[in-house]
Amino acid sequence: MSSIAENISAIRERIASAARRAGRSPKAIALMAVSKTQPADSLLAAYDAGQRLFGENRVQEFADKLGTTPLRMNNAEFHMIGHLQSNKAARAAELFHAVDSVDSVKLGQRLDAAAEQLGKTLDVLIEINIGGEQAKSGVSPDSAELENILAGAKDWSSLRVRGLMTVPPITPDPEGARPYFRSLCALRDRMVSRGYPSVSLEVLSMGMSHDFEVAVEEGSTCVRIGTAIFGERSKR
Ligand SMILES: *Cc1c(COP(=O)(O)O)cnc(C)c1O
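If you count by my numbering, then the sequence shown holds residues 16 to 251, one letter each, in order.
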């Protein structure tokens with residue numbers, strides 16, 4: 016059985032190889048450990064192995080983790096990556112360093128108001144439903160809602176829109192995800208060329224345990240890895 020530390024170092028090496036294949040610097044790709052459903056001990060093991068960036072997908076679960084264990088994790092950064100209801104925006108703004116799953120103007124407004132009250136600046140990504148799947152959260156590419164979020168960003172004093180995030184449709188072969196990653200990258204380029212004020216889109220959060228190397232080859236700047244670091248999640 017491989018340890019969390021070994022898994023992290025193996026993934027870092029695979030990210031670096033994929034980056035080199037694509038002529039990119041491995042430093043341009045952040046590794047996020049997706050610790051949803053994992054006990055605090057596993058987070059600490061990752062932290063002790065040098066991991067600093069974590070992703071959680073439920074506000075309450077993360078609050079419980081912070082509450083029940085003295086998470087001695089200085090300088091760790093936690094991002095909300097799951098679907099967030101507007102009524103939990105204030106709590107999320109309080110607990111997380113960033114929200115990578117903004118999918119409506121309303122949510123952006125709530126997060127901005129909450130962050131302003133807390134006197135903090137929150138980095139956010141816009142989640143794109145790149146495969147146009149019914150059951151998935153995220154904004155449709157080229158939709159009015161996406162334009163409204165990007166245009167609305169200039170009015171948000173406490174949010175910084177830094178990029179796009181996506182979870183592509185599940186494909187058995189990692190290669191199957193490549194067109195979706197390419198399409199997110201192209202969407203980002205189109206949106207950048209429109210020059211929305213106070214929007215920077217340098218972050219492309221894409222790639223998970225089974226397809227992160229393909230994502231890196233297609234320009235990902237942040238891969239979100241759960242299973243390949245922590246092992247299978249228990250069903251909840
Ligand atoms: C669970 C999750 C991941 C990690 O998935 P793995 O396949 O376990 O690596 C990444 N991103 C999001 C949004 C998730 O919910």
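Note that beta-carbon positions come from the ideal geometry of N, C-alpha and C, so glycine has one too.
Residue i, buried or exposed, once every other Cβ within 10 Å from all chains shown has been counted against 16
{"i": "R203", "result": "buried"}
{"i": "G65", "result": "exposed"}
{"i": "I23", "result": "buried"}
{"i": "R205", "result": "exposed"}
{"i": "F245", "result": "buried"}
{"i": "M16", "result": "Legend: pLDDT at M16 = 45, less than 50; position of this residue unreliable, no value from coordinates given."}
{"i": "G210", "result": "exposed"}
{"i": "D115", "result": "buried"}
{"i": "Q149", "result": "exposed"}
{"i": "N144", "result": "buried"}
{"i": "A201", "result": "exposed"}
{"i": "N72", "result": "buried"}
{"i": "R87", "result": "exposed"}
{"i": "D226", "result": "buried"}
{"i": "R248", "result": "exposed"}
{"i": "Q100", "result": "exposed"}
{"i": "R239", "result": "buried"}
Residue i: CB within 7 Å of a non-hydrogen atom of ligand 1
{"i": "S224", "result": "yes"}
{"i": "I12", "result": "Given that the chain is displayed from residue 16 to residue 251, the structure contains no residue 12 and the question cannot be resolved."}
{"i": "K51", "result": "yes"}
{"i": "Q243", "result": "A small fix is needed here, since residue 243 is Ala in this sequence, not Gln. Correct: A243 has its Cβ closer than 7 Å to ligand 1."}
{"i": "V182", "result": "yes"}
{"i": "G146", "result": "no"}
{"i": "I240", "result": "yes"}
{"i": "I96", "result": "yes"}
{"i": "N102", "result": "no"}
{"i": "N72", "result": "yes"}
Identity of the residues DSSP links to residue i by a beta bridge
{"i": "S220", "result": "M180 and C237"}
{"i": "I185", "result": "According to DSSP, which records beta bridges pairwise, I185 is partnered with nothing at all."}
{"i": "V120", "result": "Its beta-bridge partners do not exist; DSSP assigns none."}
{"i": "M47", "result": "R239"}
{"i": "L140", "result": "G178"}
{"i": "A113", "result": "H94 and D138"}
{"i": "F69", "result": "A48 and F93"}
{"i": "V154", "result": "I143"}
{"i": "V214", "result": "V176"}
If contact is defined by three or more beta carbon pairs under 8 Å, each pair taking one atom from either stretch, is the stretch 208-228 in contact with the stretch 192-200? yes
Whether or not the stretch 35-47 and the stretch 55-63 are in contact is what I'm after, with contact meaning three or more pairs of Cβ atoms, one per stretch, closer than 8 Å; do they touch? no
For the stretch 103-110 against the stretch 122-138, are there 3 or more C-beta pairs whose distance is under 8 Å? Taking 8 Å as the limit for Cβ pairs, the verdict is that the stretch 122-138 does touch the stretch 103-110.
For the stretch 117-124 against the stretch 155-172, are there 3 or more C-beta pairs whose distance is under 8 Å? yes
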